[in-house]
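Below is one structure, written out as C-alpha cells; the observations come after it.
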Amino acid sequence: MSWNPIIKSRRDWEIIPNLHDYEAVGAGFSWDKARAELNGLPAGEGLNIAHEAVARHAIGPQAQRTAIRWLGKSGKVEDYSYRHLHELTDRFANVLQQLAVAKGDRVFVLAGRIPELYITALGTLKHRAVFCPLFSAFGPEPIRARLTIGQAKVLVTTESLYQRKVAAIRNSLPHLEHVLLIGDGQQPTTLSGTQNYHRLLEQASPDYRIQPTDPEDVALLHFTSGTTGTPKGAIHVHEAVVAHHMTGKLALDFHPGDIFWCTADPGWVTGTSYGIIAPLTNGLTSIVDEADFDAERWYRILQDQRVSIWYTAPTAIRMMMKVGVDLVRKYDLRHLRFLASVGEPLNPEAVVWGQEAFGHPFHDNWWQTETGGIMIANYAAMDVRPGSMGRPLPGIEAGIVRKTESGAVEVLGQPGLQGELALRPGWPSMFRGYWNEPERYKKCFAGGWYLTGDLAKKDKDGYFWFVGRADDVIKTSGHLIGPFEVESVLIEHKAVAEAGVIGKPDPVAMEIVKAFVSLKDGFEPSESLRRELLGFARARLGAAVAPKEIDFLPTLPKTRSGKIMRRLLKARELGLPEGDTSTLEA
Ligand code: AMP
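Counting in our numbering, the final residue of the sequence shown is number 1196, and the numbers go up one at a time with none missing.
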C-alpha cells in the first residue's frame, strides 16, 4: 500500500460537498433518515423506484427540467423533461397492463442506449414488473441463457438486434410471450411474432396510477457471473432506491442543478443504478450518449453539455490517457466539479492524470452487482490516496476477513493484512437473492458477513485497497465475464475436446478473455482452425464475451477430480510460479 502523493481535497468549494466531514456525517447517518428524503407513494402506499425517480418530480417545480438529454450517434439531440418522461413511462406501464403483464413478471430489454430503454425501465417499475437489462453486445447464447433463467415474459428490443440475435433462438424460449420491437428505420416493423413498440405506446393511455408497492417487491434483476455454472440473476427490490438516492448524494456529490453523465451502459448494473435511477431521484439532468467511446466526442460532450459530475470507468480513462492531455486542453471544461470511476482497479497514474488533465482527480469507488449501489468511495471532501478505493459509505460496515479451517469467519483487524472484503448485510440495495438459486445465495454469507469475492487490504486510516478477485471471473473493459459461459460454448465446436478460459492482463482493458483448448482425435491445431474457433465463439457469445485469443494445448491441466485448473493455465501463461499443484492430475 502506497499513497504518495496524497491528493489533498480542495477547500475552496463553491458548493460544499454533501459529505463535507466524513466522521460527522457518518455519526449522524441512518438509513431511516435517508428513507425520509424520499416521498413514498401517496397515501402511504409504499415505495416505488419510478415514483421517486419520475412521478414526484413531474408534479413539482422540477416538471419542466430536462430529466434525460439523449445524444444520438448521428448528432440528433432529444430532451425529455420530467413531465414528458412521466407521461411516456405511464404509457408504457399501460402497455404492460394491456398485455396482461402482472406484478413480478420479467420484462427484459436488449437495446443500446436509446430513449426507449429508459422509458421501458421506468414504465416497468411503475407497473411493478421486474426490469432486466441485457447488454446489447451479447451474442445469442448469453441472451438465451439470461432470458431462460429469468423466464422472460416480455422482451423489448430493436428490429436489427432481434433479427441478428433473437429470431434464431426464439423457439427455445417458451416463457417469452411478447416481443416489442423498436423499428430501426422509418417504416413500422411488421416482423412476425412481434409487436410494434411505438404503436403500442401511442395507443396507450398517458395516465397510470402506480399500485401499492411494498418496498420489498422485486424491482430489478441484474445478471452477473461466477466462476462456475450459469449466470446468476441478482434480485433487487424497490427499497434499493433509498441507497441509489443517498449514494448519489454522498459518493457522487449530487446537488440540485447538476448535470451528470454516467458513461456506463444500462446492460450492466452501474448503467441502471447511476445511469437511470440515482440522477433522476435527485432531480438532476442526466446525459445519455448513444455512441461508444471516442475521446474527442467525450470532451465535446463534457464541454457542450456543461457536465458538472462525470462517472466513468478505468478502461475509458486509460484510453484517454493514451490520447494524451493536449486534446483535453482544447475544450472548456470549467463546469466539471467532480470525477468518479468504478468497475475495475483504478491505477494511481490514472487518478493523478485526472488532476493534470481536468484539474480534478478521478475518485475511485467500489461496488458490485450484488451490492446494488456504491459501498466504498473516495469523497469530494476527502484527501485521495491514489490506488485506494476509499472508505465505506455512512451506513456501511466493511471488513477484511478470512475463513478459518473450521469455516468460521475471522476479522483481520490489523491494518495491512490481506483477506476477503466483506460487508455487514442490511443496506437497502443489498441483493435479496439469486433468481431461483437459494443455495448459491446462501453461500455468499458467513459469520454475519456478506462475502464479496474480492481480496483487499485496509490501511490504518480505514482506506480500502483492492488486491484482486478471490475467484476466476474475468474483468474485461469493466465487464464481468464468467469463464464457464465461454468454455461451454467452445466445447460445442466439433473439434474441441476441452476448454479453459482465463483473464490475461491487458494494459488498457485490464484483462482480455483468453481460451486454451485441446482438440478431439482427428483434429490438428492450425491457424485456420484458430480463426474458425474465434469466429464460432464470437458469433455465439458476442464481441463483449468471446475470447480474443485461443491457444491449443495437447491436454489441459486438471485436478484429480477432473476440474480444469484455470489458475495454473494463468500462471503458465504469465510465466509465474505455479503454486500448489498437489491436486494436479498425474
Ligand atoms: P460487477 O458486479 O459486474 O459490477 O463487478 C463487480 C466487481 O468489479 C467487483 O467485485 C470487483 O472485482 C470489481 N470492481 C468494481 N469496482 C472496483 C474498484 N473500484 N476497484 C477494483 N475492482 C473493482
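Backbone N, C-alpha and C fix where the C-beta goes; we use that ideal spot for every residue, glycine too.
Which word fits residue i, buried or exposed, when buried means at least 16 other C-beta atoms lie within 10 angstroms of its C-beta?
i, result
"P615", "exposed"
"P866", "exposed"
"I626", "exposed"
"N975", "buried"
"S746", "buried"
"D899", "buried"
"L629", "buried"
"I659", "buried"
"D875", "buried"
"D817", "exposed"
"L1166", "buried"
"A888", "buried"
"L771", "buried"
"H785", "exposed"
"G685", "exposed"
"E980", "buried"
Using DSSP with H/G/I as helix, E/B as strand and the rest coil, what is residue i?
i, result
"D1131", "coil"
"Q773", "helix"
"R666", "helix"
"E632", "It is worth fixing the name first, because residue 632 is Tyr in this sequence and not Glu. Y632: helix per DSSP, three-state reduction."
"R716", "strand"
"Y909", "helix"
"I1101", "coil"
"S1087", "coil"
"A1154", "coil"
"Y941", "coil"
"D1161", "strand"
"L651", "coil"
"V851", "helix"
"A710", "coil"
"L1027", "coil"
"H832", "strand"
"S1171", "coil"
"H970", "coil"
"I729", "helix"
"F864", "coil"
"F639", "coil"
"D936", "helix"
Look up residue i in the DSSP assignment and give the residues it is bridged to.
i, result
"A987", "N975 and R1001"
"C872", "Y921"
"V1106", "L1129"
"Y1060", "L1033 and F1055"
"V1123", "G1113"
"V962", "Per DSSP, none; premise fails for V962."
"G656", "T823"
"R1012", "E1020"
"A926", "Beta-bridge pairing links A926 to no other residue."
"D1190", "None, per the DSSP bridge assignment."
"R1079", "D1064"
"F948", "I919"
"V994", "I617"
"I897", "R679 and W871"
"A844", "H832 and Y1044"
"F1146", "In the DSSP output, where bridge partners are listed per residue, F1146 has none listed."
"F1074", "G1000 and K1068"
Does any residue of chain B have a CB that is nearer than 8 Å to the CB of residue i?
i, result
"G877", "In summary, chain B is missing from the structure at hand, where a single protein chain is found."
Which residue from the options puts its Cα closest to that of residue i?
i, options, result
"E1095", "Y1060, R1148, K1070 and L695", "R1148"
"E751", "Y941, I986, R780 and G982", "R780"
"L732", "A1066, R1001, T891 and R1182", "T891"
"P1115", "V1019, L1022, K1180 and Q965", "K1180"
"M1175", "I1160, A1125 and G1110", "G1110"
"D689", "I897, G997 and C1054", "I897"
"E624", "R1001, P652, L946 and N988", "L946"
"R621", "A634, G1023, A991 and P1004", "A991"
"T838", "D1082, L783 and R809", "D1082"
"P955", "A1119, G858, F718 and I1101", "A1119"
"F718", "A762, E726 and A960", "A762"
"V1099", "T804, R754, D715 and L695", "R754"
"F833", "W1045, T1014 and A987", "W1045"
"Q1024", "S1039, A1066 and G1017", "A1066"
"A1080", "D1069, C1054, D902 and S1087", "C1054"
"E1183", "F1126, R1170 and Y921", "F1126"
"L1194", "T800, P1187 and G1172", "G1172"
"E1121", "P1187, G953 and Y921", "G953"
"E906", "M929, T1086, Y921 and A923", "M929"
Whole beta strand (DSSP E) runs in the stretch 672-705 with 3 or more residues, listed along the chain? Taking only runs of at least 3 residues, the beta strand (DSSP E) segments lying wholly in the stretch 672-705 are 676-681 and 687-691.
List in chain order: all unbroken beta strand (DSSP E) runs of 3+ residues lying wholly within the stretch 732-817. Whole beta strand (DSSP E) segments, 3+ residues: 740-744, 764-768 and 788-792.
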